[in-house]
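Peer 1: In the numbering used here, the protein residues as written are 12 to 353.
1) Do the CB positions of residue 181 and residue 52 come within less than 9 Å of each other?
2) Could you check the C-alpha separation between residue 210 and residue 302 for me, to the nearest Å?
3) How would you label residue 33, buried or exposed, when you count the other beta carbons within 10 angstroms and need 16 or more for buried?
4) By the 10 Å Cβ neighbour count, where 16 or more other Cβ atoms means buried, how is residue 19 classified, buried or exposed?
5) Expressed to the nearest angstrom, what Euclidean distance is found between the alpha-carbon atoms of residue 244 and residue 97?
6) Going along the chain, which residues of its own chain have a beta-carbon closer than 7 Å to the beta-carbon of residue 193, five neighbours each way excluded?
7) Do residue 119 and residue 149 have their CB atoms nearer than 9 Å?
8) The beta strand (DSSP E) with residue 53 in it runs from where to where?
9) Give, in chain order, every unbroken run of the alpha helix (DSSP H) that is at least 4 residues long and sits entirely within the segment 110-160.
10) So, at 6 Å on beta carbons, what are the nonlocal neighbours of residue 85 in its own chain, with the 5 sequence-adjacent residues on each side left out?
11) Residue 233 by DSSP, collapsed to three states: which one?
12) Using a Cβ-Cβ cut-off of 6 Å (strictly less than) and excluding sequence neighbours within five positions of residue 173, which residues of its own chain qualify?
13) Report the CB separation of residue 154 from residue 177 in whole angstroms; it is logged as a contact under 8 Å.
14) Going by beta carbon distance, what residues of the same chain come within less than 6 Å of residue 115, once the five residues before and after it are set aside?
15) If you reduce the DSSP assignment to three classes, tell me which class residue 297 lands in.
16) Taking Cβ to Cβ, would you say residue 63 is nearer than 9 Å to residue 195?
17) In chain order, what are the residue ranges of uninterrupted alpha helix (DSSP H) at least 4 long that sit wholly in the segment 218-299?
18) For a quick check, are the C-beta atoms of residue 79 and residue 48 less than 9 Å apart?
19) Between which two residues does the alpha helix (DSSP H) carrying residue 35 extend?
20) Mind reading off the beta-carbon distance from residue 332 to residue 323? Whole number of angstroms is fine, and I expect it under 8 Å.
21) Hey, would you say residue 55 sits closer than 9 Å to residue 184, going by beta carbons?
22) Bridge partners for residue 101 per DSSP, in chain order?
23) Mind checking residue 105: buried by the 16 CB within 10 Å criterion, or exposed?
24) Can you name the residues that DSSP bridges to residue 209?
25) On the premise that residue 316 lies in contact with residue 326, defined as a C-beta separation below 8 Å, what is that separation, rounded to the nearest angstrom?
26) Need the endpoints of the beta strand (DSSP E) that residue 179 sits in, please.
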């Protein structure tokens with residue numbers, strides 16, 4: 012069998028496995044259980060957060076042998092075919108390559124036919140915002156009054172490009188970026204089961220680089236394993252991601268707060284020789300200074316700062332020895348009473 016990337020191998024198969032979208036999966040499960048399911052859905056949100064995955068799980072729940080059910084069995088022919096993308100009753104359409112009015116006319120003809128094996132025909136149109144205005148207009152009537160056996164699910168990363176007439180005919184579900192700690196926890200589950208050794212700091216680096224996308228984080232983990240093998244070191248991840256390690260940021264912050272200009276220049280020169288991107292370095296330093304300020308102000312900074320426990324402890328220690336007068340003046344209104352700012 013050919014190699015299967017983590018993003019596909021670990022793709023959620025039931026609602027409970029979808030990370031960070033509980034407000035959506037719970038609503039869909041309740042709607043199925045109470046038979047209050049809409050005929051058209053609009054799933055919007057950033058890339059890689061579970062829109063198409065949730066659409067497939069919803070299709071499985073509707074056509075499962077035991078269904079419609081909030082908990083599809085995953086073992087019947089319908090569930091297996093839907094998961095494999097071979098079900099004739101679950102039609103996935105790429106909006107970017109099927110965007111013209113002629114494609115929508117074909118769809119309008121096919122929706123008339125009853126499902127072959129399942130209870131419903133589910134049309135999943137990905138990147139639906141790519142459809143032309145003419146195509147959207149041709150879809151309006153069918154979308155408003157589809158046959159009783161048809162469910163439409165639209166997925167998009169740019170909902171603002173979709174006409175209001177389409178919005179008004181759909182139930183909209185807004186997917187959100189996944190929190191860093193949730194991504195890191197899922198990556199830890201994957202690495203433990205795959206036998207991959209990587210530190211908590213390494214997983215946090217991957218999660219931060221993914222910018223809220225579970226799929227991106229799994230792809231980055233795949234890339235790291237290809238580079239390093241089954242033991243992924245933090246140094247390897249810094250080379251792959253171009254990320255700045257927390258130790259480096261703390262060292263730079265120490266030099267900045269101590270006004271050690273010569274030492275800072277030496278550190279920056281060393282990073283440049285290693286090929287470090289100055290934009291990422293600057294962004295990392297801004298975030299680190301912000302984290303220091305949060306540690307000075309908040310009673311429980313761990314609820315605000317997304318860092319592994321070891322890095323969070325080191326941040327607290329650095330903040331405890333930080334002279335507030337050395338912090339940027341634009342943050343002076345945030346400092347506790349009694350602290351000054353130069």
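Even glycine gets a Cβ: it sits at the ideal position worked out from N, Cα and C.
Peer 2: Checking against the coordinates, here is how it stands:
1) yes
2) 21 Å
3) exposed
4) exposed
5) CA-CA distance, residue 244 to residue 97, rounds to 39 Å.
6) 30 and 31
7) yes
8) Element bounds for residue 53: 51-55.
9) 112-121 and 144-155
10) 24
11) DSSP places residue 233 in helix when its eight states are reduced to three.
12) 140
13) 7 Å
14) 146, 149 and 150
15) helix
16) no
17) Taking only runs of at least 4 residues, the alpha helix (DSSP H) segments lying wholly in the segment 218-299 are 225-239, 245-252, 257-268 and 272-284.
18) yes
19) Unbroken alpha helix (DSSP H) run through residue 35: 33-44.
20) 16 Å between Cβ atoms; not a contact.
21) yes
22) 133
23) exposed
24) 243
25) 7 Å
26) Counting along the chain, residue 179 falls outside any beta strand (DSSP E), and DSSP gives it neither H nor E.
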